[in-house]
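Going by our numbering, the first residue of the sequence shown is number 68, and it counts up by one from there. For each residue, glycine too, the CB sits at the ideal point set by N, CA and C. Working notes, beginning with the structure itself.
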Amino acid sequence: MPVGTKGQRRADRALVAAYHEARLGELIARVAAEVDRFRAGEVDAYTVDEVLHHYHLAAKALWTFCWSGSGAQIEFTARSLERLAANGERIDWWERATPRRRE
Numbered sequence: 068m069p070v071g072t073k074g075q076r077r078a079d080r081a082l083v084a085a086y087h088e089a090r091l092g093e094l095i096a097r098v099a100a101e102v103d104r105f106r107a108g109e110v111d112a113y114t115v116d117e118v119l120h121h122y123h124l125a126a127k128a129l130w131t132f133c134w135s136g137s138g139a140q141i142e143f144t145a146r147s148l149e150r151l152a153a154n155g156e157r158i159d160w161w162e163r164a165t166p167r168r169r170e
């Protein structure tokens, strides 16, 4: 697949960066809510620690989706984001980082 023009590559990077920042903000908000619950005495430190670990896994998966690979990969990611938006779909990064339980 040929790589687009310099302007298109710049636009793709900007799209991916904006997506990454927005989804990262959502993940951080989940952590902040749990820290607030800890401060209010609703949960213990171990619960917050589990949420922090989950955040780390989710943020890592998000980063990998957005930034791993070459310029062609960023172009592919940008097209994927455009398709998701056009279809009204979202990736739930928190859910994606949830370990699968064996039955």
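For residue i, the three-state DSSP class (helix, strand or coil)
i	result
residue 164	coil
residue 103	helix
residue 159	coil
residue 116	helix
residue 137	coil
residue 224	Summary: the structure shown does not reach residue 224, with the chain confined to residues 68 through 170, and so no result is reported for it.
Contact set for residue i: own chain, Cβ-Cβ below 8 angstroms, skip 5 residues either direction
i	result
residue 97	118, 122, 161
residue 112	105
residue 76	70, 138, 141, 142
CB of residue i within 8 angstroms of CB of residue j, strictly
i	j	result
residue 163	residue 128	yes
residue 86	residue 124	no
residue 94	residue 126	yes
residue 114	residue 132	no
Beta-carbon proximity list for residue i, same chain, < 6 angstroms, skipping 5 on both sides
i	result
residue 90	129, 160
residue 165	none
With three or more beta-carbon pairs closer than 8 angstroms as the criterion, would you say the region 69–86 touches the region 99–107?
no
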